[in-house]
Every structure is written in C-alpha cells, then in structure tokens.
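If you read the sequence shown in this note's numbering, its first letter stands for residue 119, the second for the next number, and so on. Below you'll find the structure, written out as structure tokens, and then a few comments.
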Amino acid sequence: MSEHSPQRPTILIVDDTPDNIDVLAATLRNDYDLKVATNGKKALHIAQSFPKPEMILLDVMMPEMDGYEVCRQLKANPITSDIPVLFVTAKANPCDEEQGFALGAVDYITKPISPPRVKARVRTHIALYNQNRQLQDKVKERTQSLERNRLRIIHHLGRAVEYKDNETGAHVIRMSHYSRLLAEVYGGNNEWVEMLFNAAPMHDVGKIGIADSILLKPGKLDPDEWEIMKQHTLFGAKILGDCDDDPMLKMAEVIALTHHEKWDGTGYPYGLKGDSIPLEGRIVAIADVLDALLSKRPYKEAWSLKDTMQYMNENAGKHFDPKLIELLPHILPEIEKIRTAYPD
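Structure below.
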C-alpha cells in the first residue's frame, strides 16, 4: 500500500476473506490510503485510531461479530459515529439492505463487486462527507456568539451551585475545560467534545435540592444524611430532564445522573459498572475529582500534582475508567495552564 499522505482520504476495509480485501484494495489503492481489518473487533479499534478513516467498507458475514453489529457499535460511539459506513456484502436480499440502512450505513454494494461502481460510490460519499464537515464548520462559525452567551448562562448556573456547596465558581470552569481536554485526547469528534464542554458545568446542579443543613455540614455525614446527599444525582437529572430535543441538555442530564458512578460498580445512584457508565459520565468523574484534589477547600489543603496523579492512578479500574486515566499525562501541561487562568 502507498505511504500515507494528508491529501489522500483514508479508507478502512473490513472483511474476513483475504481475497475480498485484495480485490477492494486493488480497486482503491491508487486514490486512497487504506487500512485493513479481518474481524469486527479489530475494525472498531482501527476506526478510533489516528488517522481516523473517512470511510469504512464493511462486510456483513463475519464470525464472532457480524458487520451489522460493527456498524451498530460504530454509530453508538461518539468517536466514530460520523464515519460513513458502506456495506460490501454477498447478502443481496432487500431486507438485508433495509437493515443496513436502518443502522446508519450510507450505501450497500453487493458482491461480486464492480470496481467502477465501487470507485464511483466511494468517491461520491467521500465528497459528501467532506461537504458535510465544511457545512458544519460554517454553521459553527455563524453560531459562535449564541453559543458563548449560552455557555455564560450555563457557567453562572454551575457557579451558583458551587457557591451553595462551599466551593468556588472557578471549579466548574476548570473541570469543564479538563473534560474537554480529556475528550479531545480520547478522540471525540468536535461537535461531541464541545457539547461535553458545555454540559459538564451542570454536573452538580441537583445539589440545589439538598438541604443546607446537610450540604454545608462541617463534619462527616451520618448514613441517613449520606443517602440524602446521594439524591443530588437524581435531582439533577430531574432538573435537566424532559429535554430530548436538545442534545446538549440531554447530555447534561446523563452527566448529572452518572458522574458519581464508579468503574468497579460501587458508585451511585445505580451502581453501574465499566462501559455501562456513559462515556461523558466517566470523563466528568475524572475531571471533577482531579480539580477537587488539586484545590484548597475548607476541609482540606490543596494536593500536589504528584500526589493527585498517584491517587488517580491507584484508583484506575476502581473509581475511574483505566483507559481514560492513561490519557491524563498527555493533558497535564494544559491542566496547569487552566489552573493558572482560572484561580480560586
């Protein structure tokens, strides 16, 4: 295969039969940089690796994980959801095609393939993908002022909650920046990362519903009080709920509900475990604790960065998603800049 060039789109070919891969590679290698996966699990991994493919040509009939399941997982993951999927398969029944399109595929080509047809359809969908990205960039530019105003309102709401909780308003600003950095280095698409940045400050909005006698208690909470305190996740979800038509507020609802869940299943309110905890909840959990440890509070001194990182690493796989914790060293310089820009 040719060396990668920034001007050439990258295409991922997924098929468990080497001969099929060879045919597609021979058809496309002169115009595209190619990556290859021989099973669904490897395809999902490559799809999240840099450089992300601009298109995935996906076989349906594969062992262990068929192409439909691969497509389902690609579209459910914010890292890969925007990558066009084109099924290339021997399954020619209209019901099979309908299933493929229902899962989010942009096209469906049956085998044996016609190289000119494959070239034409790939070229068309690559062009549409690039046009969509350009359109998204233009829309983003035109709505920046509106988003800035919206973000100010969100941050003010977050600050109000933090002041009620004897913390500083700067906490919600810092942890939202940490969340964005972590989402970026994880590989989230730009729209999802910005949505997370906007939603993260509202993670503790449910504390509005907790009595001051509990929220501001100087000593340790007793078991009954702690059960009441844990209700703030449910309160937050209720405050932000009924907003299914607004993706950002829907994400804020999920974050409010899940940012105290723990990787090992010992968190609250539902005891979710591992990947069953939404990605945005796992990211905010890390950002929230990270800033809390690094900051001075009435009940504690600020921890050093070294001690904080030791704690985060020790709790990888317990409290925190271990894959996300592995990414923290990559953003530490930016975290230091944010702490300087937004002091308590």
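Each residue gets a CB set at the ideal place from its N, CA and C atoms; glycine is no exception. Nothing here was measured: the structure is a model prediction, and the numbers come from that model.
Query	Result
Cβ neighbours of Val372 in the same chain (closer than 7 Å, five flanking residues each side left out)	Pro396, Glu398, Gly399
Proximal residues to Arg190 (C-beta, below 7 Å), its chain only, five neighbours per side dropped	Leu221
Buried/exposed call for Arg298, threshold 16 Cβ in 10 Å	buried
Beta-ladder partner(s) of Met173, from DSSP	Ile129
Burial state of Lys424, where buried means 16 or more other Cβ atoms lie within 10 Å	exposed
8 Å Cβ cutoff met for Leu204 and Arg239	yes
Any beta strand (DSSP E) of 3 or more consecutive residues that is wholly inside the stretch 202-253	203-207, 225-228
Burial state of His163, where buried means 16 or more other Cβ atoms lie within 10 Å	exposed
Proximal residues to His122 (C-beta, below 6 Å), its chain only, five neighbours per side dropped	In this predicted model, His122 has a pLDDT of only 43, less than 50, meaning its place in the structure is not dependable enough to derive any value.
Cβ neighbour criterion (16 or more within 10 Å) applied to His437	buried
C-alpha distance - Lys348 paired with Ser199, whole-angstrom precision	33 Å
Val236 to Thr228 span [Cα, whole Å]	10 Å
Span of the beta strand (DSSP E), counted from its first residue to its last, around Ala194	Counting along the chain, Ala194 falls outside any beta strand (DSSP E), though it belongs to the alpha helix (DSSP H) covering 185-194.
Asn250, buried or exposed, once every other Cβ within 10 Å from all chains shown has been counted against 16	exposed
Proximity test, Ser199 beta-carbon vs the ligand HEM heavy atom, cut-off 7 Å	By its list of ligands, the structure shown contains no ligand whatsoever, and the ligand HEM lies outside what it can speak to.
Endpoints, beta strand (DSSP E) assigned at Lys153	151-155
Validate contact between the stretch 305-319 and the stretch 329-341 using beta carbons, cut 8 Å, 3 pairs	no
Endpoints, alpha helix (DSSP H) assigned at His163	158-165
Contact between the stretch 177-184 and the stretch 129-139 (3+ Cβ pairs under 8 Å)	yes
Classification of Ser167 by the beta-carbon crowding that lies within 10 angstroms, buried from 16 upward	exposed
CA-to-CA distance, Thr145 to Pro230, given in whole angstroms	13 Å
Through-space distance from Ala403 to Lys441, alpha-carbon basis	13 Å
Sequence-distant residues of the same chain with beta carbon closer than 6 Å to Leu460, five excluded per side	Note that residue 460 is Tyr in the sequence shown here, rather than Leu. So the qualifying residues of the chain are Ala288, Ile291, Arg292.
Thr384 versus Trp310 - alpha carbon distance	28 Å
Endpoints, the alpha helix (DSSP H) within which Leu375 is located	365-376
Rounded separation between Ile346 and Ile328 - CA only	7 Å
Contacts around Lys159, its chain only, beta-carbon distance under 8 Å, and the 5 residues preceding and following it disregarded	Glu182, Met183
Per-residue burial, Ser294 [other beta carbons within 10 Å of its own, 16 or more giving buried]	buried
Minimum C-alpha distance to Gly463 - residue among Ala405, Thr207, His377	The chain is shown only over 119 to 462; residue 463 falls outside these bounds and no answer can be derived.
Simplified DSSP assignment, three categories, for Met119	In this predicted model, Met119 has a pLDDT of only 42, less than 50, meaning its place in the structure is not dependable enough to derive any value.
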